[in-house]
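The UniProt record's numbering numbers the first residue of the sequence shown as 1 and each following residue consecutively.
Cβ coordinates follow ideal geometry from the N, Cα and C atoms, glycine included.
Every value quoted in this text rests on a predicted model; they were computed, and no experiment measured them.
Notes follow once the structure below has been shown.
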Amino acid sequence: MIDRRQVLNFRIRAQQLDRAEGSLADTAVLDIGVQDTGPDGGRWALAARGVDVTPLSGADLALLWTVRGAPHLYRRADVGTVAAAVEPFSDADAGKRIYDAAKPLKAAGIGILAALDEVAARMREIVGRPTVKGEVSGRLADVMPEPYLRFCRPCNATHLYEMPFRLAAARAGLELRLGTSPPVLERIPGFRPAAAPGDRFDLVRAYLRLLGPATPKHVADYLDAPVKEVKARWPSDAVEVSVDGETRWLLAADEAALASAETTATRLLGPFDLFLQAKDRATLVPDAARVKELWPVLGRPGAVLVDGDVAGTWRPRRSGRSLTVTVQPWRKLTGSARDAVVVEAERLAAYRGVPLAGVDVEGDRRVLDRIAARHPDA
């Protein structure tokens, strides 16, 4: 029987959180997409996996609204294949993914996939040049019929429903310009969706490869898809394993890696890092109170990964031009573990391009003293 530590170690190794350096080409999480939400989003997730993100630009990466309508980074060379991979499995699946927007479309006798195609066609017509999201939304509201629209009280305006808007963008061959807020949509140069994603980019297989062992429900929850649709596409080479008494599945090619995985990785994971996107939160964090602390409804902290386990939370705090990292440990950290956390905080500060003022571990000034000792001229 496999225990939770083996599962975590396997995922850390599969997601390359234990490596010192790597390239975009060999970074596995880019196959499923790297969510880019918040200042410590997609680029920080890549940096935590050893990628030098300083020279990266739009020539290397593309930002698309894909899984769950969230913005994800991909290798630019893979965009056509990704577009095929993130397609809903069926009309029923598409209806689930767009939430409450499905009801008026169904009432009007409009198929959900057909509706997404219609929105995509109109979006592509509108975005002939880089266009801010609000303008695209306003112009869509002028040309789309009533079943596609809703009244937005905060804006006091009528808009297209949000999820069809987001999920239609990739179908339209549109990407989000990197570094824009509010987001600017623009056409993907030379966009041509692939006929099929192939095994590497198939999202069910990618979930099992990076977040396994898992159940069909875990995968369905990650995709916002119906469980029966995921079961219908369950890989024939998935093998059963028992995780603390629960039956789960893993790709057969990864069975040996699961049994032998060991790691002592220490990382400061961003709030939406793929490692934290696994849908078996009780495996990641067995304590229910800690689950609420790590995944609150609003204002998620990051996770402190120490010696291959989630050992607490962290939050950044800017003061002037410097950065302080506040760590809330869930257990007593050894001196070497605290030193490793300081190293990761220094990496975060370098990533943000600001000096590190300190690392506050429950108000432990000794950690701040360690930083001063490492940088006597600071």
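Local conformation of R192 per DSSP, three classes: Residue numbering aside, residue 192 sits at position 192 when the sequence shown is read from its first letter. In this structure, R192 counts as coil in the three-state DSSP scheme.
In DSSP terms, what L298 is bridged to: Numbered from 1 along the sequence shown, position 298 holds the residue referred to as residue 298. BP columns for L298 are empty, so no partner.
Span separating the alpha-carbon of I110 from that of Y74: Translated into positions along the sequence shown, residue 110 becomes position 110. Translated into positions along the sequence shown, residue 74 becomes position 74. Approximately 32 Å, taken between the alpha carbons.
Which residues DSSP lists as bridging R187, in chain order: Working through the sequence shown from its first residue, we reach residue 187 at position 187. Looking at the DSSP assignment, R187 forms a beta bridge with L174.
Helix, strand or coil at G245 according to DSSP, with G and I counted as helix: Residue numbering aside, residue 245 sits at position 245 when the sequence shown is read from its first letter. DSSP places G245 in coil when its eight states are reduced to three.
For V67, the nearest candidate out of P130, D224, L149 and S23 (CA to CA): As a position in the sequence shown, residue 67 is number 67, starting the count at 1. If we check each option's Cα against that of V67, D224 comes out closest.
V79 beta carbon less than 7 Å from that of V243: Against the sequence shown, residue 243 aligns to sequence position 243. Against the sequence shown, residue 79 aligns to sequence position 79. No, these two residues do not count as a Cβ contact at 7 Å.
Rounded C-alpha distance that separates R4 from V86: Translated into the one-based positions of the sequence shown, residue 4 becomes position 4. Translated into the one-based positions of the sequence shown, residue 86 becomes position 86. Approximately 29 Å, taken between the alpha carbons.
Three-pair Cβ contact test at 8 Å for the region 43-54 versus the region 130-146: no
Alpha-carbon spacing of L208 relative to G138, whole angstroms: Numbered from its first residue, the sequence shown carries residue 208 at position 208. Numbered from its first residue, the sequence shown carries residue 138 at position 138. Distance between the alpha carbons of L208 and G138 is about 40 Å.
Rounded C-alpha distance that separates V119 from F165: Translated into positions along the sequence shown, residue 119 becomes position 119. Translated into positions along the sequence shown, residue 165 becomes position 165. Spanning the two alpha carbons is a distance of roughly 7 Å.
Where the alpha helix (DSSP H) containing W44 begins and where it ends: Position 44 of the sequence shown, counted from the first residue, corresponds to residue 44. Note, W44: alpha helix (DSSP H), G42 to A47.
Where the beta strand (DSSP E) containing L73 begins and where it ends: Residue numbering aside, residue 73 sits at position 73 when the sequence shown is read from its first letter. P71 to R75 is the span of the beta strand (DSSP E), which, as asked, contains L73.
The region 286-306 touching the region 264-278, judged by at least three CB pairs closer than 8 Å: yes
Three or more C-beta pairs below 8 Å linking the region 165-185 and the region 51-64: yes
Enclosing beta strand (DSSP E) for Q328 [first to last residue]: Residue numbering aside, residue 328 sits at position 328 when the sequence shown is read from its first letter. Counting along the chain, the beta strand (DSSP E) containing Q328 begins and ends at S322 to P329.
At least 3 beta-carbon pairs within less than 8 Å: the region 155-169 vs the region 25-45: no
Proximal residues to W330 (C-beta, below 7 Å), its chain only, five neighbours per side dropped: Reading the sequence shown from its first residue, position 330 is the one you call residue 330. Excluding residues within five positions, the ones whose Cβ falls inside 7 Å are R290, A311 and G312.
Inter-stretch contact at 8 Å, needing at least 3 Cβ pairs: the region 346-366 / the region 314-321: yes
Span of the alpha helix (DSSP H) around S319: By 1-based counting over the sequence shown, the position of residue 319 is 319. First-last for S319: D309 to S319, but that is the beta strand (DSSP E), not the alpha helix (DSSP H).
Cβ pair L250, G198 closer than 7 Å: Looking up residue 250 in the sequence shown gives position 250. Looking up residue 198 in the sequence shown gives position 198. Not in contact: L250 and G198 (Cβ atoms no closer than 7 Å).
Contact set for T247: own chain, Cβ-Cβ below 7 Å, skip 5 residues either direction: Position 247 of the sequence shown, counted from the start, is the residue given in the question as residue 247. Excluding positions up to five away in sequence, the list reads E240.
Selected residue, minimal CA-CA separation from K96, among Y222, T180, V341 and V342: One-based indexing of the sequence shown puts residue 96 at position 96. Nearest of Y222, T180, V341 and V342 to K96, Cα basis: Y222.
Identity of the residue in G270, Q277, A278 and L298 nearest E344 by Cα: For the purposes of this step, residue 344 is taken as the residue at position 344 of the sequence shown. The shortest C-alpha separation from E344 is found at G270.
Integer Cβ distance of F275 from R11, believed to fall under 8 Å: For the purposes of this step, residue 275 is taken as the residue at position 275 of the sequence shown. For the purposes of this step, residue 11 is taken as the residue at position 11 of the sequence shown. About 6 Å separates the two Cβ atoms, so the contact holds.
Cβ distance (whole Å) where V29 is taken to contact L149 below 8 Å: One-based indexing of the sequence shown puts residue 29 at position 29. One-based indexing of the sequence shown puts residue 149 at position 149. V29 to L149, Cβ: 36 Å. No contact.
Option nearest A168 by Cα separation, candidates T326, A157 and V136: In the sequence shown, the residue the question calls residue 168 occupies position 168. Considering only alpha carbons, the answer is V136.
Boundaries (first-last residue) of the alpha helix (DSSP H) holding L269: Within the sequence shown, numbered from 1, the residue matching residue 269 stands at position 269. Careful: L269 lies outside any alpha helix (DSSP H), inside the beta strand (DSSP E) at R267 to L269.
Span separating the alpha-carbon of K103 from that of A115: Sequence index remark: in the sequence shown, residue 103 carries index 103 (1-based). Sequence index remark: in the sequence shown, residue 115 carries index 115 (1-based). Cα-Cα distance, rounded: 12 Å.
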